[in-house]
Amino acid sequence: MNRPTRRIGVLTGGGDCPGLNAVIRAVTKDALNHGIEVMGIEDGFLGLIEDRVRPLTFDDVSNILTVGGTILGSSNKADPSHMPVGRDKQGNIIYKDLSEACLITLETHEIDTLVVIGGDGTMTCAAPFIERGIRAVGIPKTIDNDLWGTDLTFGFTTAVEIATEALDRVHTTAASHHRAMVVEVMGRNAGWIALHAGVASGSDIILLPEIPFSIDAVCEHVELRSTRGRRFTIICCAEGAYPAGGEKIVERTDPTSPDPIRLGGIAKWLSTQIEDRTGVESRHVVLGHVQRGGTPCAFDRVLSTLFGDAAMDLILNQRYSRLVAWQGGRITDVPILEAAGRQRLVPPDEPLIAAARSVNTCFAEG
Ligand code: F6P
């Protein structure tokens, strides 16, 4: 056995999501209860590069269970081994490997184990450190629920709750005005949020990146509903959904980010198409970052606490380089190096797709 962990460094990387503070609280309290000191690293891997680290005490993590965001801050740009540091005369971004600076920060603060809370991008940033022998455990975070190796990430269920409530609210206004309403939800290349919120809200059409759609099939379904006396249609659309033969709509690109593409705009395009082709008045709503903000739902508070405890169990049992995971309704763990950079998309045989079809939900496949 190696020497046990005496001081951990905790960081939150990538986009924020509800439950981050609940995890920080769980990890910190559990560690302190075991006599392990806790250092909070600010703004994800950026804080490790820039030596921005502070001790966390019981007081620091008191009363944060229900608070959204992260008390440590986050960054979705900082990949230490490929860090944008400026531009050359031609305007090209200059990248540098700043891993050494991170190692110095770890040494300076005598951090012997990292707790990395993040999604596939953050696990990718952690991978080179693990390969160099740094001790780390991972905790899966993202509203997108698209991290390989786990059935669930914390933050997802809250995002689904928020999206479902928005769809429910849109339902009544769509019915009053006899409109088609297209609601665009987040999820990047994965349709988990759209699928769950779409089913939970009884949306008439659900569009997923995993099932390219036919605009003709969407319009036919809107018209079919009108002929049957249903004079409105609710469409829950993933930001990554796209017409068969077409492409995902990119809202903006950020070349300084390890994940440079930001999707968005499909709902606007779709509502215009529906109105032009069917004559049914259409509107669109983009939920955006609302889905990432605010207090975590009860389930995510529970999951975050379970994940934090499981991460500390890995550390106490000296089982490093593992990512806490949720599989088949139970806590387990998988190798971080296997999860790094791998997305978990909605599979064609996902039972919820079959269940949605059984209640006549249309996926408008192209
Ligand atoms: O990964 C979480 C997420 O909210 C995605 O659903 C979305 O595509 C992306 O992040 C948005 O990123 P940003 O916060 O950089 O706009």
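The sequence shown begins at 47 in our numbering and counts up one residue at a time.
Even glycine gets a Cβ: it sits at the ideal position worked out from N, Cα and C.
All values reported here derive from a predicted model rather than from experimental measurement.
For the alpha helix (DSSP H) holding residue i, just list the boundary residues, first then last.
i: Ile382; result: 382 to 385
i: His242; result: 238 to 246
i: Met358; result: 344 to 362
i: Arg323; result: 312 to 324
i: Arg403; result: 397 to 404
i: Ile189; result: Note, Ile189: premise wrong, no alpha helix (DSSP H); not H, not E.
i: Thr341; result: Run containing Thr341: none; DSSP gives neither H nor E here.
i: Ile70; result: 66 to 79
i: Leu391; result: First-last for Leu391: undefined, no H or E at that position.
i: Gly93; result: 91 to 95
Report the partner residues of residue i according to the DSSP bridge assignment.
i: Thr103; result: According to DSSP, which records beta bridges pairwise, Thr103 is partnered with nothing at all.
i: Gly184; result: Val162, Leu369
i: Lys142; result: Met129
i: Glu411; result: Phe259
i: Met169; result: For Met169, which the question treats as bridged, DSSP gives no partner whatsoever.
i: Leu309; result: Val296
i: Ile281; result: Val228, Ile251
i: Thr378; result: Ala371
i: Pro289; result: Phe259
Could you check whether the Cβ of residue i sits closer than 6 Å to any heavy atom belonging to the ligand F6P?
i: Asp190; result: yes
i: Gly375; result: no
i: Arg308; result: yes
i: Arg234; result: yes
i: Gly114; result: no
i: Gly61; result: yes
Nearest by alpha-carbon distance to residue i: which of the options is it?
i: His80; options: Thr58, Phe104, Leu92; result: Phe104
i: Val231; options: Glu207, His224, Arg225; result: Glu207
i: Cys282; options: Asn48, Ile252, Phe353; result: Ile252
i: Ile87; options: Arg98, Thr203, Val73; result: Arg98
i: Ala212; options: Ala243, Ile189, Leu254, Val268; result: Ala243
i: Ala209; options: Ala400, Ser247, Val107, Gly167; result: Ser247
i: Ala205; options: Arg390, Ala240, Gly195, His224; result: Ala240
i: Val56; options: Lys135, His128, Leu160; result: Leu160
i: Glu83; options: Leu316, His128, Glu156, Asn138; result: Glu156
i: Lys314; options: Thr299, Asp300, Tyr141, Lys294; result: Lys294
i: Asp143; options: Val245, Glu153, Phe91; result: Phe91
i: Pro394; options: Ile139, Gly237, Gly325; result: Gly237
i: Gly325; options: Val268, Glu285, Met169, Phe353; result: Val268
i: Ser303; options: Gly93, Asp125, Asp106, Ala226; result: Asp125
i: Ile399; options: Ile140, Glu256, Ala290; result: Glu256
i: Asp355; options: Asp76, Asp262, Arg52, Arg53; result: Asp76
i: Ala287; options: Val296, Gly164, Pro258, Asp300; result: Pro258
Just reading off the beta strand (DSSP E) that residue i is part of, what are its end residues?
i: Trp194; result: From DSSP, Trp194 is part of no beta strand (DSSP E); its letter is neither H nor E.
i: Val206; result: Here Val206 belongs to no beta strand (DSSP E); instead the alpha helix (DSSP H) covers 202 to 223.
i: Gly55; result: 53 to 58
i: Leu254; result: That residue, Leu254, is in no beta strand (DSSP E); it is neither H nor E in DSSP.
i: Ala226; result: 226 to 231
i: Val84; result: 83 to 87
i: Ser328; result: 328 to 332
At a threshold of 6 Å, does residue i count as lining the ligand NAD (C-beta to nearest heavy atom)?
i: Ser317; result: Absence of the ligand NAD from the depicted structure is noted, with the ligand F6P being the only ligands included.
Check whether the stretch 329 to 343 touches the stretch 113 to 126, taking contact to mean three or more Cβ pairs, one atom from each stretch, closer than 8 Å. yes
Would you call the stretch 115 to 132 and the stretch 59 to 66 touching, i.e. three or more CB-CB distances under 8 Å? yes
The stretch 196 to 203 contacting the stretch 215 to 228, beta-carbon criterion three pairs below 8 Å: no
Would you say the stretch 304 to 319 touches the stretch 177 to 196, given that touching needs at least three Cβ pairs under 8 Å? no
Take every Cβ of the stretch 133 to 152, pair it with every Cβ of the stretch 325 to 336, and state whether three or more of those distances are shorter than 8 Å. no
Are the stretch 171 to 179 and the stretch 372 to 389 touching by the rule of at least three beta carbon pairs closer than 8 Å? yes
Counting pairs of Cβ atoms below 8 Å between the stretch 226 to 246 and the stretch 345 to 358, do you hit three or more? no
Touch test, the stretch 364 to 380 against the stretch 263 to 281, Cβ-Cβ under 8 Å, three pairs minimum: no
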